[in-house]
Amino acid sequence: MAAKFNDVSVQIAFKKTYGDLATNSRDASAYVIHGRSVDISDLPSSRSKSLRVLMLMESPYHAGDAIHQLPRDYFNATITYRRDSRYFYPYGYFVKRNGEEKADDVITKKQLLAGIKKKTRGSLIFVSNCNTPSKREELIKQLGEFTPITVRGGCENELIVGDEMRSSSCMEACDDDSLIATHRFYISFENSNCNDYITEKFFERVSQMLVPIVARRRIYEAAGIPHGSFIALDDFGSMKELGDHLRDLRTNDTKYLK
């Protein structure tokens, strides 16, 4: 496969293992190694002059054990979501409009006003990892005591808390598109609270006219995400205070649209 990076054309060969590479390809300028798939018995020599690039899109908690068995200086470049990576590769980002966007890439005011009429329900989350380093599941249970949350995925039964949350959990239309169209908020708590770790849980939902609820404002503003485009748990003194705020936004279109 041919590719162009920083105006330099390169030839890329996708192979599952170093051993799969043809002998004449083993002096490549760079090897990109997926962190969670590392086999320490099948890697380029650390004496090689090539770039040995660690590619990892998960948080350090889910990086796998193998990379910790390698010398700290084995990799000499990184491709990750972190801004201090040699090659920065985020899950998404915000850019200012310049008037040249495709029509399909922009949510118009007319679309927004039409969409909000359907959004009669509160918070939504699709979640299948029920035991996380960030204790996301505990936060969801606590918040569910004060505001209805619709839970979909492998954790649906575990995260139902109280009658109100149970009644809001998939008793009505339950296909993903219907849920997205009828809810105002999406709980975007990540499985780990790490610098720059902002996944598709945030970016996809923003593009679907859902307001994300995140755990820590600092992480998102440090990444250049606009202040008013999300709701942060740590802006509130308690879960009840956040729950009251969400209830207000659920019924007040003017405040919600801000």
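Numbered according to the UniProt record's numbering, the sequence shown spans residues 1 to 258. Note that beta-carbon positions come from the ideal geometry of N, C-alpha and C, so glycine has one too.
What runs of the beta strand (DSSP E), each 3 residues or longer, lie entirely inside the segment 103–149?
-> 121–126
Alpha carbon of V206 to alpha carbon of F126, nearest angstrom = 15 Å
When I225, S29 and L179 are compared against S45, the one with the closest alpha-carbon = S29
So, are the CB atoms of G154 and S188 less than 7 Å apart?
-> no
Between A223 and D196, which are expected to be in contact by the criterion C-beta below 8 Å, what is the C-beta distance as a whole number of angstroms?
-> 6 Å
Residues bridged to L246 by DSSP?
-> Its beta-bridge partners do not exist; DSSP assigns none.
Best match in I107, L242 and G243 for proximity to Q208 [C-alpha to C-alpha] | I107
Using the C-alpha atoms, what's the distance from H68 back to A77?
-> 16 Å
Taking three-plus beta-carbon pairs below 8 Å as touching, is the segment 132–142 in contact with the segment 174–186?
-> no
Could you give the residue range of the alpha helix (DSSP H) that holds I219?
-> R217 to A222
Taking buried to mean at least 16 other C-beta atoms within 10 Å of its own C-beta, is V95 buried or exposed?
-> exposed
From R97 to C194, what does the alpha carbon distance come to, in whole angstroms?
-> 29 Å
From Y61 to N191, what does the alpha carbon distance come to, in whole angstroms?
-> 9 Å
Can you tell me whether DSSP reads Y186 as helix, strand or coil?
-> strand
Mind checking R218: buried by the 16 CB within 10 Å criterion, or exposed?
-> exposed
Measure the alpha-carbon distance for G64 versus K117 and round it to whole angstroms.
-> 45 Å
Whose C-beta lies closer than 7 Å to the C-beta of K119 among residues of the same chain, with five residues either side of it excluded?
-> T182, H183 and R184
Chain-order list of residues whose beta-carbon lies under 7 Å from that of R83 (same chain, five-residue window excluded) = D196
Using a Cβ-Cβ cut-off of 6 Å (strictly less than) and excluding sequence neighbours within five positions of S123, which residues of its own chain qualify?
-> I149, F185 and I187
According to DSSP, is F236 helix, strand or coil?
-> coil
With DSSP run on the structure shown, which of helix, strand or coil describes V38?
-> coil
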